[in-house]
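By this note's numbering, the letter at position 166 of the sequence shown is numbered 175, and the numbering carries on one by one without gaps.
The C-beta atom is built at its ideal place from N, Cα and C for all residues, glycine as well.
If you're wondering where the values come from, they're calculated on a predicted model, not measured in any experiment.
Here is the structure we will look at.
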Amino acid sequence: MRQIVVIGGGIAGVAAAWFLRQVGGSQVEVTILEGSPRLGGKLATVELAGVPVDTGAEAMLNRRPEAVELARAVGLADDLRYAATTSAGLWTRGALRPVPAGTVLGVPADLDALAECGVLSADGLARVAREPEVPGAVVEDDVAIGKYAAERLGPEIVDRVIEPLLGGVYAGHANELSLQATVPQLAPYLRDDPSMVHAAQQAKAAAPTSDAPVFAGLDRGVGGLVPAVARASGARVRTDATVRELRRTPTGWQLVVGPTRAPELVEADAVVIACPARPASRLLADVAPAVAADLAGIEYASMATIALAYPATAVPDSLPGSGFLVPPVEGRLIKAATFSSQKWGWLAERAPGTLIARCSVGRHGEEADLQRDDRDLVAGAVADLHAVTGIEGPPLDSHVARWGGALPQYAVGHRARVARIRTGIAGHPGLALAGAAYDGVGIPACIASARLAATQVLAPWSDPERMTT
Ligand SMILES: Cc1cc2nc3c(=O)[nH]c(=O)nc-3n(C[C@H](O)[C@H](O)[C@H](O)COP(=O)(O)OP(=O)(O)OC[C@H]3O[C@@H](n4cnc5c(N)ncnc54)[C@H](O)[C@@H]3O)c2cc1C
C-alpha cells in the first residue's frame, strides 16, 4: 500500500486525489491535507436571500472536456446545467454595449462585428482597421499582450476591450500579462506574420466549430464539485491541516503538519503539491531551491466578489443577459457584474422574483479597494450597478467574499518559467505540482494539471490505461 499525500484541497487537489485512486486503485491510500477549515479553495457556495450563490468560480468551460467529464464521473451528471445566456455587455464610452463578437480574448478577427457593437470611437476603429499594414517584427519571444496590441491595434482597443476581457480571467494588467500564456491560440501565427488581426482570423478558422454550450454549471452551485470529487476519490480528508515543511527521506517524504506549537510528522511515498505558488515555493525551499525561486516569482491578484439580491421590481427590463464588464479606464469600483439568476436557469427557478447579481472588485497590484469594509464595498457595488444599469437599491441581501491571492498572474515569460519548474520537479521522483499557477487558471485546466501530476507521481508503478476520465 502506497501512501500519497495531496497538499491543498482546492479543485486541483481533490482532482489529483481522484486520478490517484483511478490509477493506483487499492494499492494507493490518498490523504488530502487542507490548511483552511474547509475544502474547496476558490470554489465556494453561500446562501443569499435563501438561495445558493457561488462566491468564487461559478462556471466551467464546457468546450474543454475535463470539468464536465469529472463532474459526470463523480455522480453529478444530473446536476450539470448550461448557461441560459452568454450575451454579455461592456460599459464603455458612456453606455452599455455588447461585447464584440469574433474576437480572441479581445483581439478582433471580425472588424465588421467590432464596428457594429460601438465599443470603439471612429478613430479607435480606424486604427484597428489599419493594423495589418502596420510594420513590425514577428513575435519570436514572449511579449506583454497589452503593449504589443497597443503598438499594433492602437491603445483604445486595449483599454476598452482587451483589458476588461483579460481582467475577467486574470484580474491583471494587459501591459504585464504574457501573450504566449494568455492567448496561446495566436502565438504560432504571430511567429510568421506580426498582424494580430490576421492571427485572430487564422486562430478562429482553425478552431473546431461546436454547437455545445460554452459554459456549464451545477445545480446548487459549482462549489458542490469539490466535496463531490473528494468523496468519490475515497481519499482521507483532513482540514485545518496546514503543511509547513516538506523533507526528503531515504524512502520517500516527510511532511510537517499543523501549528508550530504542536507539529505532527506525516510520512508519504509520494506527494502532490496542489496549493498556490507561494506556499508551494516555501515548501520546496530546501528540497528544490531553483524551483522554489521560480514559484516565488509568480504573483497573485487579490479580489472580492459582492453578491447582491434585488427584488425584480427594482430591475429594469433591458439588463444584458449574463452581465457586463467594466474597463478599468472607466474608473469604477466594480470590474465586472454577473447576473447569476439570468445566466443560470436553476437559480431563477429557486429565486422567482429576485435578481441575483455578483460584482467583482480588485486587480493585481490594486489592493486599496479591498481594504474597504463590507458595508462600504456593498454600497460601492450598489452605486455602480445603479449607474450602469439603473437597478434601484437597496438590495434585499448581500454577501462579500474576499479572495486573497485569488488568481496567479501569467507574466511575460510564464511558459518558460513553468517549463523550468516542471524540469526541476522531474528530478524529484514521487513529487509533482498541480493547480492554477501553471497551465491555465480555469477549472478544466486545473483538473488537467491534477491528472498530469497523478500520472507523474504514479509513473514508477502505474498503468496509464487505467486513467478512464
Ligand atoms: C472570484 C473567482 C472567480 C473565478 N471564476 C471562475 C470561473 O467562473 N470559472 C473557472 O473555471 N475558474 C474561475 N476562477 C479560477 C478558479 O476558480 C481557480 O483558478 C481554481 O479554482 C484554483 O484551484 P486550485 O486547486 O489550483 O487552487 P485553490 O482553489 O487556491 O486551492 C488551493 C488550496 O490549498 C490550500 N493550501 C494553501 N497552502 C496550504 C498548505 N501549506 N497546506 C495545506 N493546504 C494549503 C488552500 O487553503 C486552498 O484550499 C475564479 C477564481 C476566483 C478567485
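Nearest to residue i by alpha carbon, out of the options?
{"i": "Leu479", "options": "Val152, His182, Leu227, Leu29", "result": "Here the chain comprises residues numbered 10 to 478, so residue 479 is not present and cannot be evaluated."}
{"i": "Gly451", "options": "Met69, Glu38, Thr64", "result": "Met69"}
{"i": "Arg169", "options": "Leu461, Gly115, Val178", "result": "Gly115"}
{"i": "Ala459", "options": "Met10, Gly17, Arg11, Gln12", "result": "Gly17"}
{"i": "Ser96", "options": "Leu293, Gln351, Thr191", "result": "Gln351"}
{"i": "Ala297", "options": "Arg229, Arg429, Tyr419, Val409", "result": "Arg429"}
{"i": "Arg73", "options": "Pro469, Ile20, Pro417, Ala454", "result": "Ala454"}
{"i": "Asp88", "options": "Ala468, Arg381, Gly354, Gly436", "result": "Gly354"}
{"i": "Pro259", "options": "Ala212, Leu162, Val37, Ala279", "result": "Ala279"}
{"i": "Pro203", "options": "Ala244, Arg161, Glu172", "result": "Arg161"}
{"i": "Arg47", "options": "Asp378, Pro107, Val246, Ser349", "result": "Val246"}
{"i": "Gly111", "options": "Asp303, Trp100, Ala124", "result": "Ala124"}
{"i": "Pro141", "options": "Asp150, Ala118, Gly155", "result": "Ala118"}
{"i": "Val137", "options": "Glu185, Ala209, Gly399", "result": "Ala209"}
{"i": "Arg200", "options": "Pro61, Val147, Thr347, Pro272", "result": "Val147"}
{"i": "Thr94", "options": "Tyr157, Gly145, Phe333, Gly176", "result": "Phe333"}
{"i": "Asp326", "options": "Tyr198, Ile400, Val60, Pro222", "result": "Ile400"}
{"i": "Thr347", "options": "Ile315, Lys213, Trp27", "result": "Ile315"}
{"i": "Tyr309", "options": "Phe28, Glu43, Pro288, Tyr319", "result": "Pro288"}
Got a sec, what are the start and stop residues for the beta strand (DSSP E) residue i sits in?
{"i": "Ala313", "result": "309-320"}
{"i": "Glu142", "result": "Looking at the DSSP string, Glu142 is not in any beta strand (DSSP E), and its letter there is neither H nor E."}
{"i": "Ser407", "result": "406-417"}
{"i": "Val14", "result": "11-16"}
{"i": "Leu442", "result": "440-442"}
{"i": "Glu276", "result": "273-277"}
DSSP state of residue i, grouped into three classes?
{"i": "Ala82", "result": "helix"}
{"i": "Asp168", "result": "helix"}
{"i": "Ser204", "result": "coil"}
{"i": "Thr54", "result": "strand"}
{"i": "Ser263", "result": "What sits at residue 263 in the sequence shown is Gln, not Ser. Three-state result, Gln263: strand."}
{"i": "Pro117", "result": "strand"}
{"i": "Arg367", "result": "strand"}
{"i": "Thr191", "result": "helix"}
{"i": "Ala297", "result": "coil"}
{"i": "Thr477", "result": "In this prediction, Thr477 has a pLDDT of 48, which is less than 50 and means its spatial position is unreliable; nothing more can be read from the coordinates."}
{"i": "Leu70", "result": "strand"}
{"i": "Gly49", "result": "coil"}
{"i": "Leu123", "result": "helix"}
Mark residue i as exposed unless 16 or more other C-beta atoms lie within 10 angstroms of its C-beta, in which case mark it buried.
{"i": "Ala216", "result": "exposed"}
{"i": "Gly103", "result": "exposed"}
{"i": "Pro9", "result": "Residue 9 lies beyond the stretch modelled for the chain, which goes from 10 to 478, so this question has no answer here."}
{"i": "Ser130", "result": "exposed"}
{"i": "Ile395", "result": "Note on identity: in this sequence residue 395 is His, with Ile being the wrong assignment. With fewer than 16 other Cβ atoms within 10 Å, it is exposed."}
{"i": "Asp132", "result": "exposed"}
{"i": "Ala135", "result": "exposed"}
{"i": "Met10", "result": "exposed"}
{"i": "Ser407", "result": "buried"}
{"i": "Pro35", "result": "A small fix is needed here, since residue 35 is Ser in this sequence, not Pro. So Ser35 counts as exposed."}
{"i": "Ala357", "result": "buried"}
{"i": "Thr477", "result": "Any reading at Thr477 is ruled out, since the residue's pLDDT is 48, under 50, leaving its predicted position unreliable."}
{"i": "Ser369", "result": "buried"}
{"i": "Pro469", "result": "exposed"}
{"i": "Asp295", "result": "exposed"}
Residue range of the alpha helix (DSSP H) that residue i falls in?
{"i": "Ile434", "result": "423-435"}
{"i": "Cys284", "result": "Premise fails: Cys284 is in no alpha helix (DSSP H) and is neither H nor E."}
{"i": "Pro61", "result": "Taken as a continuous stretch (DSSP letters only), Pro61 belongs to no alpha helix (DSSP H), being part of the beta strand (DSSP E) at 60-63."}
{"i": "Ile452", "result": "452-467"}
{"i": "Ile20", "result": "20-33"}
{"i": "Val387", "result": "383-398"}
{"i": "Pro197", "result": "196-199"}
{"i": "Glu339", "result": "From DSSP, Glu339 is part of no alpha helix (DSSP H); its letter is neither H nor E."}
{"i": "Gly354", "result": "354-359"}
In the DSSP output, what is residue i paired with across the bridge?
{"i": "Gly98", "result": "Pro107, Phe333"}
{"i": "Tyr91", "result": "Ala225"}
{"i": "Val252", "result": "Val266"}
{"i": "Thr40", "result": "Val14, Arg245"}
{"i": "Thr347", "result": "Gly332, Arg367"}
{"i": "Thr112", "result": "Pro117"}
{"i": "Ala420", "result": "Leu186"}
{"i": "Arg372", "result": "Glu375"}
{"i": "Arg257", "result": "Trp262"}
{"i": "Ala153", "result": "Ser187"}
With a threshold of 8 Å between beta carbons, is residue i in contact with chain D?
{"i": "Glu276", "result": "Judged by its chain identifiers, the structure shown contains no chain D, having just a single protein chain."}
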